[in-house]
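Enquirer: Read left to right, the sequence shown gives residues 126 to 469 (our numbering).
For glycine and all other residues, C-beta sits at the position ideal for the given N, C-alpha and C.
Computed from a predicted structure; not experimentally measured.
Dropping a structure here in structure tokens format, bear with me for questions.
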Amino acid sequence: GEEEREHLRQKLHQLMPPDATGGFIVRTMAETAEDVEMQADIDYLRRLWSSIQSRGNCVVPCLLYQDLDLSLRVLRDFVNRDTSRILIDSRETYQRMAEFAQNYTHAVLEKLQHYGADRPLFDLHAIEDEIAKALGRRVDLKSGGYLIIDQTEALTTVDVNTGGFVGARNFDDTIFKTNLEAAQAIARQLRLRNLGGIIIIDFIDMDNAEHQEAVLTELKKALARDPTRTTVSGFSALGLVEMTRKRTRESLAHVLCEPCPTCAGRGEIKTAQTVCYDVLREILREARQFDAREYRIVAAQSVIDLFLDEESGSLAQLIDFIGKPVSLQVETTYPQEQYDIILL
């Protein structure tokens with residue numbers, strides 16, 4: 126609102142040097158920024174603008190400024206006081222980042238470390254495993270419970286389950302403990318996956334109002350560490366928690382993945398038995414339109430196996446009905462839903 130904008134305006138004036146000229150565009154994300162963070166951004170932008178101005182008299186054509194590459198954007202946008210160190214396994218990238226930090230973000234310089242060992246960095250710190258987990262639907266909790274995270278165009282849903290976890294005292298304690306752990310895990314997963322927009326969380330039902338309040342407080346506390354703006358409502362009448370997280374970039378899944386060509390993004394494929402029935406109906410339609418000597422089914426191994434076993438009776442009935450032979454052929458490259466009917 127206007128009050129928040131005015132507060133940011135006054136804060137900026139206080140942090141600006143007396144001799145500073147020009148202006149700044151302050152995004153709403155700056156509402157929760159500490160003075161030291163805003164001061165670092167002000168200093169960085171002033172030095173950058175000074176550098177651009179100094180090149181203004183160069184001989185044309187001349188590049189005045191270009192956007193930073195990925196490694197330098199990481200220094201600018203993600204490094205904060207909680208960052209302990211930054212390992213870089215490329216000497217060239219390390220030198221470029223060190224030079225940038227020296228000129229623009231001096232406090233970051235001591236966090237940069239060149240990694241020269243033989244073992245790959247991603248292998249050393251199990252990054253590949255973390256990426257795989259961040260792309261999966263299921264997130265296991267230490268207590269034995271788990272989360273199921275589903276992302277759609279409209280919203281993201283998070284379902285909390287106890288799994289096989291049994292509490293030491295009673296079932297209510299089990300639920301409460303699982304929900305507390307889930308609140309921390311959800312906040313972390315939202316950051317890792319960069320999920321934005323509307324998020325609906327279905328915690329395990331709690332009858333105790335104090336337990337509900339404690340879980341909500343834990344969720345807000347965990348989200349407070351998120352640099353991206355979030356808002357959290359209380360429990361609804363249905364026991365759901367609604368929250369929003371500002372969309373800043375594409376989610377991790379959208380960056381690293383594409384819709385499955387087999388299921389076309391549904392997340393499910395037809396069973397082999399369903400495909401068998403599709404095939405039988407297709408042959409019946411073909412037999413009514415064309416007068417073929419024989420019909421050949423070309424399909425995946427799982428579908429052909431069913432026609433040779435459980436669905437052999439259905440296939441025999443079809444052969445008797447159309448009065449033409451039907452042969453079977455396995456195509457190993459076909460996914461389960463794909464098949465062809467060849468008229469011979």
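In three-state DSSP terms, what is I324?
Expert: strand
Enquirer: Looking only at C-alpha atoms, which of A349, C385 and F328 sits nearest to A362?
Expert: Among A349, C385 and F328, the Cα nearest to that of A362 is on F328.
Enquirer: By Cβ distance, which residues of its chain are closer than 8 Å to H336, with the 5 residues on each side in sequence left out?
Expert: D297, I300, F301 and N304
Enquirer: Grab me the residues of Y464's own chain with a C-beta within less than 6 Å of its C-beta, minus the 5 sequence neighbours each way, in chain order.
Expert: V404 and A424
Enquirer: Helix, strand or coil for L266? Go by DSSP, reduced to three states.
Expert: coil
Enquirer: Output the residue ranges of the alpha helix (DSSP H) runs that lie fully inside the stretch 356-423 and measure 4 residues or longer, sorted by chain position.
Expert: Runs found: 377-381 and 397-414.
Enquirer: Between the Cα of A226 and those of P142, K371, D144 and V204, spot the shortest distance and give me the residue it belongs to.
Expert: V204
Enquirer: Look up Q178 in the DSSP assignment and say whether it is helix, strand or coil.
Expert: helix
Enquirer: Mind checking E383: buried by the 16 CB within 10 Å criterion, or exposed?
Expert: exposed
Enquirer: In whole angstroms, give me the CA-to-CA distance for I273 and Y190.
Expert: 44 Å
Enquirer: Pull up the CB-CB distance for R370 and I325, whole angstroms please, since I reckon it's below 8 Å.
Expert: Incorrect: roughly 12 Å between the Cβ atoms, too far for contact.
Enquirer: If you measure between the beta carbons of L348 and V340, is that distance less than 9 Å?
Expert: no
Enquirer: Which full runs of the beta strand (DSSP E) of 3+ residues lie inside the stretch 135-192, going along the chain?
Expert: none
Enquirer: Kindly indicate which residue of P352, M163, E436 and R418 has the alpha-carbon position closest to the one of Y402.
Expert: Ranking P352, M163, E436 and R418 by Cα distance to Y402 puts E436 first.
Enquirer: Y219 by DSSP, collapsed to three states: which one?
Expert: helix
Enquirer: Hey, L266 and A310 are a contact pair by Cβ (cut 8 Å); roughly how many whole angstroms apart?
Expert: Their Cβ separation, rounded to whole angstroms, is 6 Å, which keeps L266 and A310 in contact under 8 Å.
Enquirer: Can you give, in chain order, each stretch of the beta strand (DSSP E) that sits fully within the stretch 213-259 and has at least 3 residues?
Expert: 237-239
Enquirer: Can you give the beta carbon distance from I213 to Y240, rounded, assuming they're within the 8 Å contact cut?
Expert: 6 Å
Enquirer: Could you tell me the distance, in whole angstroms, from the CA atom of H132 to the CA atom of H138?
Expert: 10 Å
Enquirer: In whole angstroms, give me the CA-to-CA distance for P450 and I444.
Expert: 6 Å
Enquirer: Taking L195 as part of the alpha helix (DSSP H), name the residues at either end of that continuous run.
Expert: L195 to D202
Enquirer: Just curious, the alpha helix (DSSP H) that T342 is in, first and last residue?
Expert: A334 to L348
Enquirer: Return yes when the Cβ of L317 is within less than 9 Å of the Cβ of A251, no when it is not.
Expert: no
Enquirer: Which residue wins for smallest C-alpha separation from R350, given the options S376, G270, L315 and V283?
Expert: L315
Enquirer: Using alpha carbons as the reference points, say which of R372, C187 and L237 lies closest to A279.
Expert: That would be R372, whose Cα lies nearest to the Cα of A279.
Enquirer: Do I467 and L409 have their C-beta atoms within less than 9 Å of each other?
Expert: Judged by beta-carbon spacing, L409 lies beyond the 9 Å limit of I467, meaning their Cβ atoms are not closer than that value.
Enquirer: My guess is that I422 and Q454 are in contact by the Cβ rule of under 8 Å, so how many angstroms apart are they, rounded?
Expert: 7 Å
Enquirer: So, with DSSP's three-state summary, where would you put S209?
Expert: coil
Enquirer: Can you tell me the Cα-Cα spacing of L478 and L193, whole angstroms?
Expert: Absent from the model: residue 478. The displayed extent of the chain is 126 to 469, so no value can be given.
Enquirer: Please list, in chain order, all residues of the same chain as T287 whose beta carbon is under 7 Å from its beta carbon, the five residues on each side excluded.
Expert: G270, T299, I300, T303 and I329
Enquirer: Could you tell me if V161 is buried or exposed, where buried requires 16 or more neighbouring beta carbons within 10 angstroms of its beta carbon?
Expert: By the neighbour-count rule (16 or more Cβ atoms within 10 Å), V161 is not buried but exposed.
Enquirer: If A307 sits next to V285, beta carbons under 8 Å apart, how far is it from one beta carbon to the other, in whole angstroms?
Expert: 4 Å
Enquirer: Between E375, D332 and I150, which has its C-alpha nearest F360's C-alpha?
Expert: D332
Enquirer: Excluding five sequence neighbours on each side, which residues of the same chain lie with their C-beta closer than 6 Å to the C-beta of I429?
Expert: L453 and V455
Enquirer: Out of T157, H379 and V184, which has the shortest C-alpha to C-alpha gap to N319?
Expert: H379
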